[in-house]
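Engineer: Following the UniProt record's numbering, the numbering of the sequence shown begins with 1 at its first residue and continues without gaps.
C-beta: ideal position from N, C-alpha, C; glycine also.
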Amino acid sequence: MKSNTLSALLTAIKMTLAGIIACIFSFVIPWPYGFWAVITVAAVTRPGLTHTSLKSIARGVGTLIGAILAYLSVLIAGNNILILILCFFIIISLSSYLSLQRTFISYFGIIVGITVIIILSINNKSEPIITIITHRVLDVFAGILAILLVNALLRLFFQKKEPIKKNLTVEFVSNLELLFNWSKNKYLTKTALAIGLTSSLTFLPWLYFKYPGGYWVTICCLFIMEENLINVKEKIWLRFIAHVLAAMIGTISALLIGKHLWLTLIPVSITFFFCGYLMVINTVYGKAANTLAIAVCIMLLTDPLEGISFKIIAMRFINTVIGLGIGFVSTWFFISRNTTPPHLLEQNIKLR
């Protein structure tokens, strides 16, 4: 119990310190998407120094590859939305196949997909896609640098408190072999295609009509859909609870802080500490800790010049709820499976 509490405190401190560093970076550097650095800290922080490092590496590599794929999609499609959505379907299906693996490859896959969605959702004629990609990559790596810096400092003082995972090379090779074993992965292939189709069908209307925050519907579907309906239901519940709490935090912060940018450090720091502690101390709701931290970052930091916006809070919450509904219906219709396929029964950690 004492060890568990210490690990929870270390994770909370790690997440909070790295979050503050990333926040200061986003406030000082006059970039339009600096808050991506803070979101990166919120996303990759995990209990254990090794797991945080693995997620950081996966996010960095996934961001680079996703950015390249987004650029190639725009280059190939030009102004043709149908060709763009075809490229989108292929990329999301492939990245979803990776994200469905029960290994640390999973997080890499989902980051590739999310990066493509975010870059394509921001892409417009007033800002070159290369500029958007540059901001995305630099901001993500700034967040990674912040969390790895704090991670390294904690390792100096608590290197025996959070053990380093062994045999990562052996595990990676065995997982890579399973990745290309199509006969064992037929369930995942079908699921990945369903996720690609659902994501494309939700993203296509947004490309045409550009309704506020509509791409969050697609991102939500990408996060919650998998081959097991029971797990999808749990993800929906946890994601909903996380966004209810985030909306409450955002609303209270908007009323008390408004446009005072530096004061947003207070709710962000409190949220990060709570989430870091929760992900260790509670095995059920701790799964939603990263989601809660990310949602709070988006609601509080998306528009630093205008301050905390009720509009952004509402857009994020409403589109997330819509995405949860569509993701559930699509899972039930296309890939409803209440039991886990035999080859996925191994108790591997899924860093998703």
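Can you tell me whether DSSP reads Glu226 as helix, strand or coil?
Structural biologist: In this structure, Glu226 counts as coil in the three-state DSSP scheme.
Engineer: For a test of the three-state rule: what should DSSP assign to Glu306, helix, strand or coil?
Structural biologist: The answer is coil: DSSP assigns Glu306 none of H, G, I, E or B.
Engineer: Kindly indicate which residue of Gly19, Tyr33, Thr11 has the alpha-carbon position closest to the one of Leu305.
Structural biologist: Looking at the Cα atoms, Tyr33 is the closest of the given residues.
Engineer: Any chance you could list the alpha helix (DSSP H) runs of at least 4 consecutive residues sitting entirely within the stretch 248-272, in chain order?
Structural biologist: Those alpha helix (DSSP H) runs which fall completely within the stretch 248-272 and span 4+ residues do not exist here.
Engineer: Of all the alpha helix (DSSP H) runs that stay within the bounds of the UniProt domain "Integral membrane bound transporter" (21-150), which reach a length of 4 or more residues?
Structural biologist: The UniProt domain "Integral membrane bound transporter" (21-150) contains these whole alpha helix (DSSP H) runs: 35-44, 49-77, 81-99, 105-122.
Engineer: Go through its chain and collect everything with a Cβ distance to Ile133's Cβ below 8 Å, but skip five positions before and after it.
Structural biologist: Cβ neighbours of Ile133 beyond the five flanking positions: Ala67, Ala70, Tyr71, Ile119.
Engineer: Go ahead and label Ala242 buried or exposed: buried means 16 or more other beta carbons lie within 10 angstroms of its beta carbon, across all protein chains shown.
Structural biologist: Buried is the call here.
Engineer: If you draw a straight line from the alpha carbon of Leu54 to that of Phe108, how long is it in whole angstroms?
Structural biologist: Straight-line Cα distance between these residues: approximately 10 Å.
Engineer: Answer yes or no: do Thr198 and Cys221 have a C-beta to C-beta separation smaller than 8 Å?
Structural biologist: Yes, the pair counts as a contact, with Cβ atoms nearer than the cut-off.
Engineer: Go ahead and pull the three-state DSSP assignment for Cys220.
Structural biologist: The answer is helix: DSSP assigns Cys220 an H, G or I state.
Engineer: Please list, in chain order, all residues of the same chain as Thr16 whose beta carbon is under 7 Å from its beta carbon, the five residues on each side excluded.
Structural biologist: Counting only Cβ-Cβ distances below 7 Å, and skipping sequence neighbours, we find Ser269, Phe272, Phe273, Gly276.
Engineer: Find the nearest neighbour of Ile57 within the set Ser73, Leu145, Thr283, Gly325, judged by alpha-carbon distance.
Structural biologist: Checked all of Ser73, Leu145, Thr283, Gly325; the closest Cα to Ile57 is Leu145.
Engineer: Count the other CB atoms, across all protein chains shown, that sit within 10 Å of the CB of Lys210; report buried if there are 16 or more and exposed otherwise.
Structural biologist: So Lys210 counts as exposed.
Engineer: Taking 6 Å as the limit between beta carbons, can you name the residues of its chain near Ala18, skipping five residues before and five after?
Structural biologist: Around Ala18: Val41, Ala146, Ile147, Val150.
Engineer: If distances are taken between C-alpha atoms only, which option among Tyr97, Phe157, Ile111 comes closest to Ile195?
Structural biologist: Looking at the Cα atoms, Tyr97 is the closest of the given residues.
Engineer: Run the CB neighbour count on Thr5, radius 10 Å, all protein chains shown included, and call it buried at 16 or more, exposed below.
Structural biologist: The residue in question, Thr5, is exposed, as its Cβ has fewer than 16 Cβ neighbours within 10 Å.
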